[in-house]
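Asker: Got a structure here, written out as C-alpha cells. Questions coming.
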C-alpha cells in the first residue's frame, strides 16, 4: 500500500485523542482512591459511584476504540461522548459538594468535559461542532454557578469556562489543519507522480520519434545503402534512444551553439532534399547548449516530415536575427502538397518535438499551410527570454 500522509496525520490525531483520555483517567484515579472510603457517607452514594464508573468506562472504551481503529472517534461516538459529559455535569450538581467542584479532581466532571471538547476532531461540520461545544459550555456554567459567591469566585468560574472555550477550539482547528495538510500532501504527491509519468512518456516520445522515422526511411528508401547522410542521422538518433533507455543524458547533437551553425549543420544532413539554407544573418546569435539541441531536434523532425510527406520541389531553411537585435527567427518553407492545419491534428513530431519542446525555451512555433502550395513553419524567440 502506498504511503499516505493523510493516513499518518489521522493516526497522529487519533493517538492525541487517546492520550488525552488516558491522561484524564490517570488524573482521576488518585482522587477516586481518596474518595472511596467516604463514598458510603455522601448524600447519593450509588449515583456518585455510577458517575465514576460511567466516566471510567467511557474514557477507556473510546481510547481503546481510537487506538484500534487509528482514527479519532466518529461523529456518533463524539455526540455520545458529549451527551455523557453533559449528563455527568448535571448529575454532579447532586454528587459533588460545591466546595469540591473546582480545583480538585474529586469533581472530575470539569476535567472530563475538557477532555471531551479536545476530542471532537472527527466532527467536520462546523455547526455541529459548535453545538456540541456550546452544550458542554452551558453544562459547565450550570455546574459551577453555585460556587460563585464573590468576585474571586466569579473570576475562577469565568477562567474555568474559558479553558474549555479556548482549548477545545484550538484542539479542533489544530487537528483539522493537520489532517488537511496530510490530504494536500497526498494530492501533491499524486500530482507529482502524474506529472512525472507524463514527463517520462514525453521523453520517451521525444527519444524514439525521430529515430523511428529514420529507421522507417532506412527500410523503405531504395537509396539508403548509398545515402551516408541518412545513415549518419540514423546513428545520431540511435545514440539518443540508447541514452534514454540507459537513463543517461542524451549526447549533444553537435558542437555548435551558434544559430547559423546549428541551422546550417541540420540542413546539411538533408542534402538529399532540394534544400537551400540561408543563415548568414544569424551569425551573431548564440544559443544555450540545451536550446541548440532542442532546436536541432525540432528542425530535424520538420525536415523528416518534408522528406516523408511534402513531395516538395524546393525547400528553403532561413535563419536571421531581428533587425533591432531583439530576437531571432528561423523559417522552414517547402512548396509541397501542404495540408489543412485546421482539420489535421498535429502528430507526435510536430506536437512534442517541435511545439512543446521549444515552448520550454520560450520559442514560439507558427505553422501555416495551403494545399498544393506548400507549408511554412516559423520559429521565433524574443530577446531576453532564452532559457539557460
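In the numbering used here, the protein residues as written are 1047 to 1434.
Just so you know, even glycine gets a beta-carbon here, dropped at the ideal spot from N, CA and C.
1. Suppose contacts are defined by Cβ-Cβ distances below 8 Å. Is residue 1387 in contact with residue 1347 by that definition?
2. Using C-beta distances below 6 Å, list every residue in its chain close to residue 1356, excluding the 5 sequence neighbours before and after it, in chain order.
3. So, helix, strand or coil for residue 1391, using DSSP?
4. Taking the Cβ atom as the reference point for each residue, do residue 1074 and residue 1140 lie within a distance shorter than 8 Å?
5. Cα-Cα, which of 1336, 1304, 1057 is closest to residue 1407?
6. Excluding five sequence neighbours on each side, which residues of the same chain lie with their C-beta closer than 8 Å to the C-beta of residue 1047?
7. From 1227, 1098, 1237, 1215, pick the residue whose C-alpha is nearest to that of residue 1172; which is it?
8. Just grab the DSSP bridge partners of residue 1230 for me.
9. CA-CA distance, residue 1071 and residue 1058?
10. Are the CB atoms of residue 1420 and residue 1358 nearer to each other than 8 Å?
11. Our contact map puts residue 1187 next to residue 1164 with C-beta atoms below 8 Å; I'd like the distance itself, whole angstroms only.
12. Ignore the nearest five residues each way along the sequence and tell me which others in residue 1240's own chain have a CB closer than 7 Å to its CB.
13. Mind reading off the beta-carbon distance from residue 1051 to residue 1231? Whole number of angstroms is fine, and I expect it under 8 Å.
14. Report buried or exposed for residue 1033, applying the criterion of at least 16 other Cβ atoms within 10 angstroms of its Cβ.
15. Looking at the structure shown, is residue 1247 part of a helix, part of a strand, or coil, going by DSSP?
16. Quick one: grab the DSSP three-state call for residue 1163.
17. Label residue 1212 either buried or exposed according to how many other C-beta atoms from any shown protein chain fall within 10 Å of its C-beta, with 16 as the threshold for buried.
18. Checking the sheet assignment: what are the DSSP bridge partners for residue 1426?
19. Taking C-beta to C-beta, are residue 1042 and residue 1203 nearer than 8 Å?
20. Please look up how many angstroms separate the CB atoms of residue 1321 and residue 1363, rounded, as I've assumed it's under 8 Å.
21. Label residue 1375 either buried or exposed according to how many other C-beta atoms from any shown protein chain fall within 10 Å of its C-beta, with 16 as the threshold for buried.
22. Can you tell me whether residue 1104 is buried or exposed, with buried defined as 16 or more other CB within 10 angstroms of its CB?
23. Among 1425, 1210, 1353, whose alpha-carbon lies nearest the alpha-carbon of residue 1402?
24. If we require 4 or more residues per run, which alpha helix (DSSP H) segments fall completely within the region 1336 to 1360?
25. In the DSSP output, which residue or residues are listed as bridge partners for residue 1435?
26. Would you identify the three-state DSSP class for residue 1066, choosing helix, strand or coil?
27. Please state the DSSP three-state secondary structure of residue 1325.
28. Please classify residue 1384: does DSSP put it in a helix, a strand, or coil?
29. Mind checking residue 1226: buried by the 16 CB within 10 Å criterion, or exposed?
30. Thinking C-alpha only, which one of 1120, 1398, 1198 is nearest residue 1167?
31. Between residue 1162 and residue 1110, what straight-line distance do the alpha-carbon atoms span, to the nearest angstrom?
32. From the DSSP output, read off the bridge partner residues of residue 1190.
33. For residue 1303, which three-state DSSP category applies?
34. On the DSSP letters alone, give me the boundaries of the alpha helix (DSSP H) that residue 1125 sits inside.
Answerer: This is what the structure holds:
1. no
2. 1380, 1382
3. coil
4. no
5. 1336
6. Residue placement at residue 1047 is poorly supported in this model, since its pLDDT is 43, which falls under 50; the coordinates are not used for a value here.
7. 1215
8. According to DSSP, which records beta bridges pairwise, residue 1230 is partnered with nothing at all.
9. 20 Å
10. yes
11. Not quite, the Cβ-Cβ distance comes to about 19 Å (not below 8 Å), so this is no contact.
12. none
13. 4 Å
14. Outside the displayed span of the chain (1047 to 1434) sits residue 1033, for which this structure offers no information.
15. helix
16. helix
17. exposed
18. 1375, 1410
19. This structure cannot settle anything about residue 1042, because the visible part of the chain is limited to 1047 through 1434.
20. 6 Å
21. buried
22. buried
23. 1425
24. none
25. The chain is shown only over 1047 to 1434; residue 1435 falls outside these bounds and no answer can be derived.
26. helix
27. strand
28. coil
29. exposed
30. 1120
31. 15 Å
32. Beta-bridge pairing links residue 1190 to no other residue.
33. coil
34. 1121 to 1141
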